[in-house]
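Asks: Using this note's numbering, read the sequence shown as starting at 166 and increasing by one per residue.
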Amino acid sequence: MPRQAAVALFCAVVAAAQAPEAFNHARKLQQDGHLADAERAYRAYLKSYGATPEVLANLGAVLVQQERFSEAIAHYKQAIVLAPKMNPLRLNLGLAYLKSGDRAGALAEFSAGLRQGPPNRQLRQLRALTLLELERFEEAAIEYAKLMPGDVSVRLGLATAYTRLGKEPEAQKALGALLDRRDSAEVEMLRGQAMFAENRFDEARAAFQLAARLNPKLETVHFHLGAIYWKQQQTAEALEEWRLELEAQPEGFQPNYTLGAALALAGRPDAEPLLRKAVALKPHSAQALYQLAKLVWQRSKSEEAVSLLERSVASQAKYREARYLLASVYQALGRKADAAREFAAVRAISERELQRTRDIFEGR
């Protein structure tokens, strides 16, 4: 064997031996919550040993946890090309689409996963939920019916679909004995969420309040109560509920972000620390970055606002409000070319949304 071929073979053998160790190291970082380090380790693996479905999928999961959905989606798609029959990849890709707000993309992946088989209850429930959120109630009801008899979330999903179709008797039947139960905080939470989705705020508030009495430590119950008060323009009550949620979850992103954004809207000085903590907890949250940037710009006209807004639109390219504010900030700073580019992007987003509305009205 020629010397060069022998050296190449030796390097290949060494690399093959080292690859599992590198993968396990990256996975351990991921499991321990060291997301930035895990991302670097997975990318180093890809560079040194090439792409595998498992590495691409794990890197996608790390990126989803950082709310970098576009990058995550790209990596999941690469993984599917390498392993088209690995059904969990479809589920994870669908979830990434769902978390990014792209329900149509999520529906396509959940549907593809179900067609590909084998039967998967989680995929079907996610497809049913997505159809419900897309207001395709007839199809949602069919999917939820296939999951019956199911747990509380399935029954409530089916009942919600039937209610939106005007089929109250079927909704009552789907809920069955759940309607008579008033001793479960979890059931009351789901009941409250269903009522909230239908804008039945008084009934939703009563359900959430009962849930809080049954289990004072139940997560998100005060968040939901605050959302109802906010919808009803009872600002003081909403802020109080969100403060209670923050006391229960001081390290939670949602309590810090929601209370911070609400206080910022009211011009309160205690908004900034909460929004900064929210950004620290989720550095790629487009909404948190935008809210903090808006506050910073209003208070100091600092160029920090530019950096925050650029990060926001990098995370969510179609975020019209963030792009508009970024364009306005560029303009105020005399960066005319950058401002023109962002204003053009805002117009393009608005035109697409207008066309989508027309398509809905015209039944396309």
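Note that CB positions come from ideal geometry on N, CA and C, so glycine has one too.
Remember, predicted model here, so these are calculated numbers, not experimental data.
Going by the CB atoms, is the gap between E232 and S450 shorter than 8 Å?
Replies: As a working mapping, residue 450 is identified with position 285 in the sequence shown. As a working mapping, residue 232 is identified with position 67 in the sequence shown. Going by C-beta atoms, S450 is nearer than 8 Å to E232.
Asks: Three or more C-beta pairs closer than 8 Å, one from the region 508–515 and one from the region 475–489: is that the case here?
Replies: yes
Asks: CB A261 to CB V229, shorter than 8 Å?
Replies: Position 96 of the sequence shown holds residue 261. Position 64 of the sequence shown holds residue 229. Yes, these two residues count as a Cβ contact at 8 Å.
Asks: Nearest to I393 by alpha carbon, out of L379, Q358, E384, P420?
Replies: For this step, residue 393 is matched to residue 228 along the sequence shown. When each option's Cα is compared against that of I393, the closest is Q358.
Asks: DSSP three-state call for E186: helix, strand or coil?
Replies: By 1-based counting over the sequence shown, the position of residue 186 is 21. Of the three classes helix, strand and coil, the one that applies to E186 here is helix, per DSSP.
Asks: Under 8 Å by Cβ, that's how I've got T295 and A271 pegged, so tell me the actual separation to the nearest angstrom.
Replies: As a working mapping, residue 295 is identified with position 130 in the sequence shown. As a working mapping, residue 271 is identified with position 106 in the sequence shown. About 5 Å; that satisfies the 8 Å criterion.
Asks: Given that a residue counts as buried once 16 or more other Cβ atoms are within 10 Å of its Cβ, and exposed if not, what is L519?
Replies: Within the sequence shown, residue 519 is the residue found at index 354, counting from 1. So L519 ends up on the exposed side.
Asks: Check whether the Cβ of A305 sits closer than 7 Å to any heavy atom of the ligand MG, and report yes or no.
Replies: The model depicted lacks the ligand MG and carries no ligand whatsoever.
Asks: Using only CA atoms, which one of L263, E308, K264, R301 lies nearest to L279?
Replies: Position 114 of the sequence shown holds residue 279. For L279, the nearest C-alpha among the options comes from E308.
Asks: Y484 by DSSP, collapsed to three states: which one?
Replies: Position 319 of the sequence shown, counted from the start, is the residue given in the question as residue 484. If DSSP states are grouped into helix, strand and coil, Y484 belongs with coil.
Asks: Counting only runs of 4+ residues fully inside the region 431–487, write out the alpha helix (DSSP H) ranges in chain order.
Replies: Counting only runs of at least 4 residues, the region 431–487 fully encloses the following alpha helix (DSSP H) elements, listed from N- to C-terminal order: 436–446, 451–465, 469–480.
Asks: Quick one: what does DSSP say C176 is sitting in, helix, strand or coil?
Replies: Locating residue 176 in the sequence shown gives position 11, where the first residue counts as 1. Low per-residue confidence applies at C176: pLDDT is 39, beneath 50, and the placement is therefore not dependable, though the value from the model is reported in the following sentence. In the structure shown, C176 sits in a helix (DSSP, three-state: H, G or I).
Asks: Can you have a look at K442 and say buried or exposed, based on whether 16 or more other CB atoms are within 10 angstroms of its CB?
Replies: Reading the sequence shown from its first residue, position 277 is the one you call residue 442. Buried is the call here.
Asks: For M313, which of helix, strand or coil comes out of DSSP?
Replies: Taking the sequence shown and counting its residues from 1, one reaches residue 313 at position 148. In this structure, M313 counts as coil in the three-state DSSP scheme.
Asks: Within the chosen definition, does the region 216–227 reach the region 464–475 through at least 3 CB pairs nearer than 8 Å?
Replies: no
Asks: Quick one: using the 10 Å Cβ neighbour count with 16 as the cut-off for buried, is S265 buried or exposed?
Replies: Working through the sequence shown from its first residue, we reach residue 265 at position 100. Flag for S265 reads buried.
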